[in-house]
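Residue numbers (this note's numbering), protein chains in the order written: chain U, 134 to 573; chain B, 5 to 321; chain L, 46 to 244; chain A, 3 to 204; chain E, 826 to 1101; chain D, 465 to 674. Read the structure below first, then the notes.
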């Protein structure tokens, strides 16, 4: 098919082989979980439990009255040991509820299959999704209920399910699609109902033929659900690029997918929606890929939210080389961590443990203006100039050149033969521009 | 490195293996066929010139950096590339000391004063050549044929001192294609053999270091204009420094536009200037000056050929 | 027509005022920090030089020559240019404030731009007729515009360069101008007459 | 209005004084400048036609010949700007032509002397804009000497064009321009010589 | 007489221009700030452009409009500046007491360690964005020297401890370093203020202790020992009121973490004087 | 300020060509040979001194609003005088300096001194200033010319129009002709100013260290 690609991008080493064929394993309940009260885009939650309370799986432990937020639920049963600051994958400390397991894994009474699913109207569906604390599982952790309600005057005509999984190393979505295609399709149907769209397209990179065929088998009888094979190119899974590749619609600068009538959700989110609506279970666990040169047994794991990375490393057989760099997420957009004592959150799609020379950044050489970053930029920006202007503190020029359009995919830094920290510079520029705007 | 502590850096955490020194050494490698052709046709003297230019370029760069207390970066091969390119665009019989002067001028004035690698406005090798041509025109316009007799035109001793373009321009004599293609003609050390240059260019394209925009728009424009003026386009493509210039000089990252549209505009500009200088200019050859003039225009071209941002809303006219 | 084209392109490319005749160097170095200001200056210079060429041509051929006072050329021309610049400035300021905003501020600087006086004197010494003089004036200023705009773009780029401390500012600007002028040597000996004669 | 007039008056006074000063200076220098120009011309002419002491501008004759030549469609005379008759003690010893053949950087002002025998007696370049170090070598006496003695009826060509004169290395165009001037001068001489017939006042 | 036509021609030309220009000036008169003309007369008129405005008239306009300072012309001496200032009707700023930059952190690597190895753009602002900076103390100096780079007067250097040291003599209190610091560690203080709390941490004492050996733990001993009542605690941090402080030095002596410093000597904070 | 110090400042500290970067056009255009430099420099010095003195003398009676046209007239009068005298007595040099003699009118040095100095100071000071600036400029011109002449032709002090070949330092064939072409002018002057900056900077840092 002629569609299925976009301008720019790059071809990082995919390195997915280590976990590609590994089925998703569920881990035994951890002894302790640390559940941050702020795992999503929007307002942080306030704890609704107290230290010493007994909690059960699925019990709400944090909530907020803000418009944009997502409630937090306990992922294991046990006792609330503390509500305190704890390191998180953002690099900063944040308020977290620490639960010590009673090792029973008791489910909360509220969790039971819903019997009136067919009678639910869109508003009710969206309400269920909100209460279940579902956020985008691709990484940005944007509350899903908010995405599904179009702002006034706009509407959706198409729902895209993102199964591209273009980040190197990661295979969590891939395994999910191969192992649970029914859940994906069911989730898609529920999302169709919630948004009222008649068309769902599941976009999958062509390097996952097993996922494509598995989903095709399930979806072929379903009306309105299509599978689209996509070019194998990073960042195929970026929202704007995905919409362009599948629908040839261009999200305007500064706009959202809804501006072109599209809503995009991760395949993992679809599964979470199904679990929430059909089984009545809130978002308390997710699939992550644990991989990298440093880990002894790379795996795809189903883990409770709040499980500490150090525990997960144990489960995967520990490290086989001194750990030099710990990345939460994929190697292109993931965040490097300074400690292993951080919990898995709703947005954690993978844990990457790297060692040796591969993690040491090379010295920055002068820009030779090769233009490879311009060719690689999927947003058609000028990364080399943006970084220059940022360094010269010429933020007006950064803005003029579209710094705010940058999706921080990392293609420019990846490709730069002079090892310039382009994305880092552009990110600084974006922060400064936003700060100046807010300052008036 | 302290053990136990993790390394933290901004994303991404994975990088391409291609680095500046690799690109530069690839360029050096791609120029090897042209060097061999030059040495084959013009003898060991050509080899001496290549060695002298490369050597003096590298030494000049190291010396200047040392004097100014900057880190010495000759290991990125960029000075070597400049020296080699300069050697390839001078006549084989140029006195070695003249070549060395050119090399020193290239590195010191055209590159170092502007802040070194990546900051030069003009292609240093071409500045070196333009400097030599303006300074020692007599040496720089003395040519030699690889074979002392030109069997296809016996008795015309002027051919021993004229390049095919000079023969064409002033004497209306056309050198056969096969000689041009293999490079058995008078000219600079590295520009005569079309096939050697094309081999190197193909390698660079295969490695993804040069795109098609600049060379093709450059050569295409020359073909169109020479044809329009009733000349033989193929002859103009094969003669002089056009191929070497289009594939190795005009594509110089630092001095050519970075924007895709800008590259095409730049190539067309080079092509127009080469064709006009060859047809009406004072010099028989215009590649060097055409590229230098477009180098001067690079910054301006970039300004007006910014790519359209993805998602940028078109303004209503 | 051919001659006019030859004069025009000759003035812009072959004998570029800045790069090969060394006229107008001060504004070339001084007002080339930004492309926008360089362009504003250029437009003002083109306007004034065209006008000055015409007026001084009349002054020379209608007043000085008949009276045998050619030696008053310099003093008369510079007076005319100074007055012209001031007059143009005032008229623009009154009639079109927007235009004045755009280029009025550059006008006072033109009086001391030797390119203006240079072009008027060249017009006389080359014994151009009125039309040729006007074209030469516009050509000279267009050449100035070309050089200064290219140069301004280069200077904007050089802001990010790690230029040796003692070469910053004027020295590197002069060296850049020198290399530009070296590139423009490529136009020397260009047979414009032959090119345009064909048309 | 008064202010206006006052300023106008001040400028009037200043300019008038300036004008007066200049007029005075011009009064002192104008004769000398004219004399200097005459001396320069005389010296240039003497250089190329040794032996002659006085020169007479033959503008009318030149125009006449040029007009005839253009009627006949004979090219080659356009390079000639002026023609002088050289005399020594009232006796004509030769012709001197000022020419401006097109060189590399524009016209090259050249003076060519032809002796009464129809041989080139001297060539010199007055003003040029050729490339320094290259074309500018046309001012070398050594190069100019190469033309001396060439007589009428011969067409002068540089060796690159299959002729007899060694061009300056790397400066064929400039050398060719001088050859053009010499050819023009010889041609002109021939026409004038034929026209005025031997024995008359030449 | 050749003089007469010359005199007449030039004189008339001059007169015509003078009158035309003066008349045109009237006819095309545009209302502008009358001060602009006066200022323009004060300026050198070389139209050199060094002020950054297009010519002296441009600068005059800017000064009259209040867009440029009275001393914006680099070629004008003090006399002219005061003249312009009087035209503009403003007093020249009164010379106030000199302020200098003070670095409010002494947490060198041995006292407040690093959480991780930073690899990225070598600027404090950039490091601060990455996981909140490598320093254990989130209020502490990141030590990449952005303040040193920002200083246009060569008044800040990296000291032997890897922390910035201010040279009081060169410091012009321009505030560039204050802006450059992402953690507000550098503040401008009157040079006469001799006692300084060289810590900026607003954490509780226990946490400060955990991450730094020389941070203010908010213990309040200094508040108690100060004979003048010049010290208060705010956000777990000691604040000295310079009005009341008489530099007796008792607090400096009693401070358990030695985060209060006497700045009598140059380079007192993080410099050699303090290093031993 | 004494006469001497006004005179001295123009030669080194405020050298118009190297420090204040005034009068670039003629500096670049005619600095091909030392003889040109001397001729042009002296011509400009004459104009500078003359106009400085006159403008200084007239400073009390010059109406502020038309001071510029008046300066221009005064300067232009001097320039034309020089032009005519040179044409009469030094025709060869006049030929070489060509268009740049009338252009002394718009040489910013002269204008700048008239405006910045002579219109505010006494006659003696202005005389000293004009003389200092003029000679400073002449010296700068000679320095630049010497370098360009040597590099470009291999000679020093040659005056070809008078048939004086000058002192040949090395053979013509070795000379880099570019030095006397326009690019050579720009680059030589740029490097020269850079070199002076380097020396001053070095001295400044040394003084600071002491």
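Beta carbons: idealized from backbone N, C-alpha and C, even for Gly.
Of the other Cβ atoms in all chains shown, fewer than 16 fall within 10 Å of the Cβ of residue 73 (chain A); this residue is therefore exposed. Every alpha helix (DSSP H) of 4 residues or more that sits fully in the region 54-128 of chain B is shown, in chain order, as 82-92, 100-109. If you compare the alpha carbons of B:308, B:292, B:309 with that of residue 138 (chain B), the shortest gap goes to B:292. Taking 8 Å as the cut-off, the Cβ atoms of residue 274 (chain B) and residue 303 (chain B) do not count as close. Using a CB distance cut-off of 8 Å, residue 192 (chain B) does not count as an interface residue toward chain L.
Between residue 179 (chain L) and residue 64 (chain L), the C-beta spacing is not below 8 Å. Put simply, the backbone Cα of residue 112 (chain B) is about 20 Å away from that of residue 638 (chain D). In this chain, the alpha helix (DSSP H) harbouring residue 1050 (chain E) covers 1046-1050. For residue 86 (chain A), there is no enclosing alpha helix (DSSP H); the enclosing beta strand (DSSP E) covers residues 82-90. With a beta-carbon spacing of about 6 Å, residue 117 (chain L) and residue 24 (chain A) fall inside the 8 Å limit used to define contacts. DSSP places residue 361 (chain U) inside the beta strand (DSSP E), whose first and last residues are 358-363. DSSP places residue 182 (chain B) in no beta strand (DSSP E) but in the uninterrupted alpha helix (DSSP H) bounded by 181-186.
Every beta strand (DSSP E) stretch that sits fully inside the region 178-208 of chain U and reaches 3 residues is listed by chain position as 193-196.
When E:947, E:935, E:1067 are compared, the shortest CA-CA separation from residue 1018 (chain E) is found for E:1067. With a 10 Å radius around the Cβ and a threshold of 16 neighbouring Cβ atoms, residue 127 (chain B) comes out buried. In this chain, the alpha helix (DSSP H) harbouring residue 504 (chain D) covers 498-522. Within the region 204-238 of chain B, the complete alpha helix (DSSP H) segments at least 4 residues long are 217-232, listed from N- to C-terminus.
Annotated as proximal: residue 227 (chain U) and residue 169 (chain U), with beta-carbon spacing under 8 Å. Distance between residue 100 (chain L) and residue 125 (chain L), taken at the CA atoms: about 8 Å. Not flagged as an interface residue toward chain A: residue 608 (chain D), since no C-beta distance is shorter than 8 Å. Look at the beta carbons and you see the region 137-150 of chain U not touching the region 205-216 of chain U: under three pairs across the two are nearer than 8 Å. Chain-ordered, the chain L residues with CB closer than 8 Å to the CB of residue 72 (chain B) read 209. Judged by beta-carbon spacing, residue 105 (chain A) lies within the 8 Å limit of residue 137 (chain A), meaning their Cβ atoms are closer than that value. When rounded, the separation of the alpha-carbon atoms in residue 444 (chain U) and residue 70 (chain B) is 53 Å. Following the DSSP letters along the chain, one finds residue 37 (chain B) inside the alpha helix (DSSP H) bounded by residues 24-46. Look at residue 1027 (chain E): its C-beta is not under 8 Å from any C-beta on chain U. For residue 944 (chain E), a Cβ of chain B is located within less than 8 Å of the residue's own Cβ.
Between the region 542-556 of chain U and the region 492-509 of chain U, the count of Cβ pairs shorter than 8 Å is three or higher; the stretches touch. A Cβ-Cβ separation of about 6 Å places residue 565 (chain D) in contact with residue 507 (chain D) under the 8 Å criterion. Contact note: residue 836 (chain E) does not reach chain D at a C-beta cutoff of 9 Å; the least C-beta distance is about 10 Å. Secondary structure remark: continuous beta strand (DSSP E) runs of at least 3 residues inside the region 101-185 of chain A, in chain order: 111-117, 122-129.
Near chain B, meaning a CB-to-CB distance below 9 Å, the residues of the region 456-470 of chain U are 456, 457, 458, 459, 460, 462, 463, 464, 465, 466, 467, 468, 469, 470. Inter-residue distance for residue 236 (chain U) and residue 446 (chain U) is about 20 Å (C-alpha atoms, whole angstroms). In the three-state reduction of the DSSP assignment, residue 995 (chain E) falls in the coil class. About 7 Å separates the beta carbons of residue 181 (chain B) and residue 238 (chain B), which is inside the 8 Å limit, making them a contact pair.
Residue nearest to residue 528 (chain U) within the set U:361, U:498, U:563 is U:563 (criterion: CA-CA distance).
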